[in-house]
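Residue 1 is where the sequence shown starts when you use UniProt numbering, and the numbers rise one by one after that. So the structure is just underneath, and the comments pick up after that.
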Amino acid sequence: MRALTWQGPNKLQVETVDDPSILNPRDAIVRVILSSVCGSDLHLLGGYVPTMQAGDIIGHEFMGEVVETGSAVTQIKKGDRVVTVSIVGCGECEHCQRSDFSCCDNSNPNPTATDIAYGQPACGIIGYSHAFGGYAGSHATYIRVPFADVNLFTIPEGVRDEQAVFVSDAVPTGFFAADNADIQPGDTVAVWGCGGVGLMAMSSAYLLGAERVIAIDRFADRLRLAEEKAGAIALNYETTDVHAALLELTGGRGPDRCIDCVGMEAHGTEVDYFYDKTKQMLRLHTERGTVLRQSIRACRKGGTVSVVGVYGGLLDKFPMGAIVNKALTLRSGQQPGQRYVKRLFEHIQKGELDPSYLLTHPMGLEQSVEGYAMFKEKRQDCLRAVFRPE
């Protein structure tokens, strides 16, 4: 089959590789119909996530058709049109039993690296380095999905492929970000990052009762989508003092809930960004924390900061004093999408949510190297390049 592979930092290649096969009775093989790029893939592309190996297939946000199932799979059958949650759960450990699928104890067959780094091993993530299980990704003709009955969901009638593909990652991640923020009716919510996840967090905030949503980014096309599609107030941080603007919009209090949808490669205009970038380039720490610091500083006293932007390691100048002295709640995590998929499909079926506008650049898998270049460089207003292997 054909697949997009990582060959080294900022080097991708489409090549012919072996088809996947059933390795465990709980596996399924899925023919990929649509597979989307994701902002977190750029951390792999840039070499910021260790344990990548040349030839690894990347991609984790996809939908397709089941073509084969293992002998222990009972809920999914051949021919089903399905979406796969990118964060892998086993369904049986204590965390999965609490619906905390992103804390799964059993889905990562290579736990050593994350055990050392984080104190306990992390879950498995499809197409996201050997530290997170070494699973082959979705930018390919076929993919093996482990624990199929837990991680595959049949797509209901009335939900189009272009909508369903984002229920794999962008939509549940955005919804989780809003849900984790503990939004109350009437809240003002500020969201940093107007990519796919950020836009879905904005829409989800309204679904959960927010009165106002404020979107922060620097790209005109994304800020326009935040206004037109997500109903947000848009702030361009390159032309606006974001902190002052947030205080003005909230009567001096600050937003009730702040959401970081950017993560470890945050861009900024203030001195802390250049400090972070220099230390990151010298491998003295791993993150650029501009957005995290801004959101903590801006959040009202007693408010909540929700973090779904990917962070992998260590960060300097963390404003712990602001968290303590403002009595902030900081909540974070990878998305436990299995918790939300059915609810999200219901919102889509009712017309309350339509993520299909995230798909701005459809193309074949053979054009995927260029698709990632467009996505990374924000060329041609590329919000999401989505590949169709056939």
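Cβ atoms here follow ideal geometry from the backbone N, Cα and C, with glycine treated the same way.
Flag this pair as yes or no: are the beta carbons of residue i and residue j separated by less than 7 Å?
i           : j           : result
residue 67  : residue 80  : no
residue 338 : residue 133 : no
residue 1   : residue 140 : yes
residue 173 : residue 308 : yes
residue 301 : residue 317 : no
residue 87  : residue 63  : no
residue 196 : residue 234 : no
residue 298 : residue 252 : no
residue 9   : residue 47  : yes
residue 319 : residue 288 : no
residue 113 : residue 51  : yes
residue 329 : residue 304 : yes
Starting from residue i, follow the beta strand (DSSP E) in both directions and report where the run begins and ends.
i           : result
residue 250 : Run containing residue 250: none; DSSP gives neither H nor E here.
residue 214 : 212-217
residue 3   : 2-8
residue 331 : 329-332
residue 388 : 385-388
Among the residues of its own chain, which have a CB less than 6 Å from the CB of residue i, if the five just before and after it don't count?
i           : result
residue 178 : 201, 204, 205 and 208
residue 162 : 356 and 359
residue 187 : 210, 256 and 257
residue 213 : 189, 202, 205 and 232
residue 386 : 34, 36, 359 and 362
residue 19  : 1 and 142
residue 165 : 34, 36 and 63
residue 286 : 312, 313 and 314
residue 332 : 307
Quick one: what's got a C-beta closer than 8 Å to residue i's C-beta in the same chain, skipping five residues either side?
i           : result
residue 49  : 43, 128, 129, 131 and 312
residue 74  : 149
residue 229 : 199, 203 and 357
residue 218 : 236, 237, 238 and 267
residue 12  : 4, 5, 6, 45, 58, 368, 369 and 372
residue 184 : 209 and 256
residue 275 : 316 and 317
Leaving out five residues before and five after residue i in sequence, what residues of the same chain have Cβ atoms less than 7 Å from its Cβ?
i           : result
residue 343 : none
residue 263 : 309, 310 and 311
residue 382 : 360, 361, 374 and 375
residue 223 : 194, 215, 217, 234 and 236
residue 24  : 70 and 146
residue 247 : 254
residue 60  : 38, 86, 125, 126, 127, 128, 137, 138 and 169
residue 269 : 237 and 238
residue 167 : 83, 341, 344 and 345
residue 227 : 234
residue 103 : 95 and 123
Thinking residue i and residue j are a contact (beta carbons under 8 Å), I'd like their distance in whole angstroms, please.
i           : j           : result
residue 15  : residue 3   : 7 Å
residue 147 : residue 107 : 7 Å
residue 35  : residue 138 : 4 Å
residue 365 : residue 389 : 4 Å
residue 340 : residue 176 : 7 Å
residue 69  : residue 76  : 6 Å
residue 159 : residue 345 : 6 Å
residue 181 : residue 306 : 4 Å
residue 105 : residue 192 : Contact doesn't hold; Cβ gap of about 31 Å is too wide.
residue 123 : residue 380 : Rounded, the Cβ-Cβ distance is 35 Å, inconsistent with contact.
residue 115 : residue 121 : 4 Å
residue 21  : residue 336 : Actually they are not in contact, since the Cβ atoms of residue 21 and residue 336 sit about 28 Å apart, beyond 8 Å.
residue 144 : residue 72  : Incorrect: roughly 14 Å between the Cβ atoms, too far for contact.
residue 349 : residue 156 : 7 Å
Starting from residue i, trace the alpha helix (DSSP H) in both directions and tell me its first and last residue.
i           : result
residue 347 : 341-349
residue 364 : No alpha helix (DSSP H) holds residue 364; the beta strand (DSSP E) holding it covers 361-364.
residue 375 : 368-377
residue 391 : Only positions 1 to 390 of the chain appear in the structure, and residue 391 is not among them; the question remains open.
residue 225 : 220-228
residue 322 : 320-325
Is the closest heavy atom of the ligand SAH to the C-beta of residue i under 6 Å?
i           : result
residue 145 : Looking at this structure, you won't find the ligand SAH or any other ligand, since it has none at all.
Complete alpha helix (DSSP H) runs within the stretch 144-204 (minimum length 4 residues, chain order): 148-151, 161-164 and 170-180
Within the stretch 17-65, ranges of the beta strand (DSSP E) (whole runs, at least 3 residues): 28-36
3-residue-minimum beta strand (DSSP E) runs that sit fully inside the stretch 234-313, ordered along the chain: 257-260 and 304-307
Contained beta strand (DSSP E) runs [length at least 3] in the stretch 66-130, N- to C-terminal order: 81-84
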